[in-house]
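Notes to accompany the following structure.
There are 2 protein chains.
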Amino acid sequence: MTTRIAIDCMGGDHGPSVTVPAAVSFLASHPAAHLILVGQEDALRPLLGAEAGNARLRVVHASEVVGMDESVALALRNKKDSSMRVAINLVKAGEADACVSAGNTGALMAISRFVLKMLPGIDRPAICTALPTARGHTHMLDLGANVDCGPEHLLQFGIMGAMLVEAMEHKERPTVGILNIGEEEIKGNEVVKAAADLLRASGLNFIGNVEGDGIYKGEADVIVCDGFVGNVVLKASEGLAQMLSGALKSEFRRNALTTLAALIALPVLNRFRQRFDHRRHNGAILLGLKGISVKSHGSADVLAFTHAIARAYDAAENKALDRIAARMGQLNAAQLTMGETA
Amino acid sequence: MTTRIAIDCMGGDHGPSVTVPAAVSFLASHPAAHLILVGQEDALRPLLGAEAGNARLRVVHASEVVGMDESVALALRNKKDSSMRVAINLVKAGEADACVSAGNTGALMAISRFVLKMLPGIDRPAICTALPTARGHTHMLDLGANVDCGPEHLLQFGIMGAMLVEAMEHKERPTVGILNIGEEEIKGNEVVKAAADLLRASGLNFIGNVEGDGIYKGEADVIVCDGFVGNVVLKASEGLAQMLSGALKSEFRRNALTTLAALIALPVLNRFRQRFDHRRHNGAILLGLKGISVKSHGSADVLAFTHAIARAYDAAENKALDRIAARMGQLNAAQLTMGETA
Numbered sequence: 020m021t022t023r024i025a026i027d028c029m030g031g032d033h034g035p036s037v038t039v040p041a042a043v044s045f046l047a048s049h050p051a052a053h054l055i056l057v058g059q060e061d062a063l064r065p066l067l068g069a070e071a072g073n074a075r076l077r078v079v080h081a082s083e084v085v086g087m088d089e090s091v092a093l094a095l096r097n098k099k100d101s102s103m104r105v106a107i108n109l110v111k112a113g114e115a116d117a118c119v120s121a122g123n124t125g126a127l128m129a130i131s132r133f134v135l136k137m138l139p140g141i142d143r144p145a146i147c148t149a150l151p152t153a154r155g156h157t158h159m160l161d162l163g164a165n166v167d168c169g170p171e172h173l174l175q176f177g178i179m180g181a182m183l184v185e186a187m188e189h190k191e192r193p194t195v196g197i198l199n200i201g202e203e204e205i206k207g208n209e210v211v212k213a214a215a216d217l218l219r220a221s222g223l224n225f226i227g228n229v230e231g232d233g234i235y236k237g238e239a240d241v242i243v244c245d246g247f248v249g250n251v252v253l254k255a256s257e258g259l260a261q262m263l264s265g266a267l268k269s270e271f272r273r274n275a276l277t278t279l280a281a282l283i284a285l286p287v288l289n290r291f292r293q294r295f296d297h298r299r300h301n302g303a304i305l306l307g308l309k310g311i312s313v314k315s316h317g318s319a320d321v322l323a324f325t326h327a328i329a330r331a332y333d334a335a336e337n338k339a340l341d342r343i344a345a346r347m348g349q350l351n352a353a354q355l356t357m358g359e360t361a
Numbered sequence: 020m021t022t023r024i025a026i027d028c029m030g031g032d033h034g035p036s037v038t039v040p041a042a043v044s045f046l047a048s049h050p051a052a053h054l055i056l057v058g059q060e061d062a063l064r065p066l067l068g069a070e071a072g073n074a075r076l077r078v079v080h081a082s083e084v085v086g087m088d089e090s091v092a093l094a095l096r097n098k099k100d101s102s103m104r105v106a107i108n109l110v111k112a113g114e115a116d117a118c119v120s121a122g123n124t125g126a127l128m129a130i131s132r133f134v135l136k137m138l139p140g141i142d143r144p145a146i147c148t149a150l151p152t153a154r155g156h157t158h159m160l161d162l163g164a165n166v167d168c169g170p171e172h173l174l175q176f177g178i179m180g181a182m183l184v185e186a187m188e189h190k191e192r193p194t195v196g197i198l199n200i201g202e203e204e205i206k207g208n209e210v211v212k213a214a215a216d217l218l219r220a221s222g223l224n225f226i227g228n229v230e231g232d233g234i235y236k237g238e239a240d241v242i243v244c245d246g247f248v249g250n251v252v253l254k255a256s257e258g259l260a261q262m263l264s265g266a267l268k269s270e271f272r273r274n275a276l277t278t279l280a281a282l283i284a285l286p287v288l289n290r291f292r293q294r295f296d297h298r299r300h301n302g303a304i305l306l307g308l309k310g311i312s313v314k315s316h317g318s319a320d321v322l323a324f325t326h327a328i329a330r331a332y333d334a335a336e337n338k339a340l341d342r343i344a345a346r347m348g349q350l351n352a353a354q355l356t357m358g359e360t361a
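Residue numbers (the working numbering), protein chains in the order written: chain D, 20 to 361; chain V, 20 to 361.
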């Protein structure tokens, strides 16, 4: 079976100038993959060059574009022929196994949800991404789709995250933790406490609370939290990493002597930079839908967007969705049975 | 007027072996300061050495110690002669202008609140600390005292934080932001929206939402958030910084060549490390009480604990408390008047 990924080529801060070269680069490194480039043909074709004749590449025209700051409601209602919508439609129609967009997050979520629908038993979609840790990486969700979550939503996030990691990393019973604070007497709010109880009873490999520093210590394979906390932590981490790398650069540029030191240290600094290059972690999956929809950073460059395509491809290849759906099916069946006995 | 700081010398992971040398070091660099060392005399005296006769140093015996993992309720009820309690009592009695402890956060908060009482108009204490940013530093609160906050609490945090910065940094009308997420359609939860409205009407220099990355970009002088989010962000930042610095070290230790590069880059790396040394930001102030109580990291070393003492001293010297109390007094008076007209 061929795996096909639909790409919203018009989305993101840079549009086709990033998405098309990324698609071409992805095809070169994934010889079995097929891509469907969605967008304004006039804008896409000239960027394809020699790849225009590649049999694994198809262009699908879409006349409209969802703006980065456009109202979600308007994008959903009025832009029926946007590149984002058409890419998602291809997933719905079974012509693509996943889609990728660097466009407006709110619109991508709303349109994905409207077109693809939720999996039975999941109330809300969640945004999940991989973060580097001292031991490898961890998957955290939700990262901003849900601002106010109940305990049952955090349970669903735990199940979806665990199934995603099982599918994509071939890791049996990955550990699941819940983000919490550790102070005596004030250990977390009521929602987190109730969610921990549900997770403990869920059959998942639940390890309990993970504090903020536990994220980067790699204490759990999957960390669940509400979208407000997750979004703030993710962005604060990006901001801190940027500040530190900027300061390190400026210290090395202080004078001729430090510049010389930088030259000598360059291979080490480059290896360090590469290890934590956030572009290699680009590509957040919207979980809970009957289809795979991947969100790239809006500001992604070619390397970063290539990684987002790869993320969608890996999720589709590894049948992440089937695994999540199967587990939710079991859970729903169990709940129905419980309902009958009750 | 002499400024006197009471130190809980038994608190923290290392107790007197850190707190006493830190006190001695602080006295040497602050020739006008007076310190009161509180704890088991037998444990403190031998560590004083030549400083035992220093007229600016007084030892006050306290027979008990609050354990780092001790129940807050038990510490509050049973340990009436703990070093922590006695140090706080000295503030209450006016014998000290502030106290510092590296002990159990929950106990310090509960005992400070019980002994010192809240300022009129403040419902809950908040933990506030300075964080380094690309432009200097910012003050963030709450960092874990309050897990569930209402809009009026976030307003109070904003007022207290702004007054603290005015007093300690001699900065008129510091900017105040509220931590939020920026996604279209899902901009924050209801509490944050309502708090932003209150802050906008407060007369503070309120600049609106700050996203996670805005903390380290230095977008505001004061950033308010609930204690759950603040605590998670603070600890996640510590964890990320540790992971990055650990990885940088290990890259430089990879082989003989990289070790040589490290030696050459050492002055640069040291300057970088110093700039973001979290020990230099040690010392979080518990705001909202009728007295200054400063919490040091439990794992603080001598340098870090010296900074926590300095933080308490600066807050006392700059009359931070008076400024907060005065502003709350104005606010309370205004609310009373409004109540009468209504």
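Note that the Cβ used here is the ideal one computed from N, Cα and C, for glycine as well. Quick caveat, the model's predicted, so the values are computed rather than measured.
State the start and end residues of the unbroken alpha helix (DSSP H) segment that holds residue i.
i      : result
H326/V : 321-336
V211/D : 209-219
P170/V : 170-188
G258/D : 246-271
D232/V : 231-236
Check whether the Cβ of residue i lies closer than 7 Å to any Cβ atom in chain V.
i      : result
D341/D : no
G258/D : yes
K99/D  : no
K236/D : yes
I283/D : yes
Is residue j closer than 7 Å to residue i when the C-beta atoms are compared?
i      : j      : result
R346/D : L322/D : no
A149/V : A164/V : no
A255/V : I234/D : yes
L63/V  : V39/V  : yes
V252/D : I242/D : no
G30/D  : A121/D : yes
R181/D : P193/D : In the sequence on display, residue 181/D carries Ala and not Arg. Cβ atoms of A181/D and P193/D: closer than 7 Å.
A126/V : A94/V  : yes
N301/D : A275/D : no
I26/V  : L56/V  : yes
A74/D  : S102/D : no
I367/V : A334/V : Because chain V in this structure spans residues 20 to 361, residue 367/V falls outside the shown range and cannot be described.
L138/V : G177/V : no
A280/V : I283/D : yes
L173/V : A339/V : no
I24/D  : M179/D : no
N337/D : A186/D : yes
Please report the distance separating the alpha-carbon of residue i from that of residue j.
i      : j      : result
S264/D : R294/D : 13 Å
M136/V : A106/V : It should be pointed out that residue 136/V corresponds to Lys in this sequence rather than to Met. If you take the alpha carbons of K136/V and A106/V, they lie about 15 Å apart.
A331/D : F324/D : 11 Å
H158/D : K111/D : 26 Å
C28/D  : S315/D : 11 Å
A215/V : F271/V : 46 Å
G249/V : M128/V : 16 Å
R273/D : S48/V  : 30 Å
Whose CA, out of the options, lies closest to the CA of residue i?
i      : options                       : result
L54/V  : A69/V, A62/V, G31/V, V78/V    : V78/V
A1/D   : R192/D, C168/D, M187/D        : The requested residue 1/D does not occur in the structure, where chain D is confined to residues 20 to 361.
L160/D : G307/D, L138/D, D88/D         : G307/D
T277/D : Q59/V, H172/V, L288/V         : L288/V
R290/V : F291/D, K268/D, T21/D, G310/D : K268/D
G58/D  : L66/D, P151/D, G246/D         : L66/D
A329/D : D100/D, D32/D, D88/D, D116/D  : D116/D
R143/D : L162/D, H156/D, D320/D        : L162/D
V84/D  : K99/D, E191/D, V166/D         : K99/D
Of all the CB atoms in chain D, is at least one closer than 7 Å to the CB of residue i?
i      : result
M262/V : yes
V252/V : yes
N208/V : yes
S269/V : no
K212/V : no
D32/V  : no
R290/V : yes
Where does the unbroken beta strand (DSSP E) through residue i begin, and where does it stop?
i      : result
M128/V : Careful: M128/V lies outside any beta strand (DSSP E), inside the alpha helix (DSSP H) at 124-135.
K111/V : It is not in any beta strand (DSSP E) - K111/V instead sits in the alpha helix (DSSP H) that spans 102-111.
K98/V  : Segment: none, K98/V is in no beta strand (DSSP E) and carries neither H nor E.
I55/D  : 53-58
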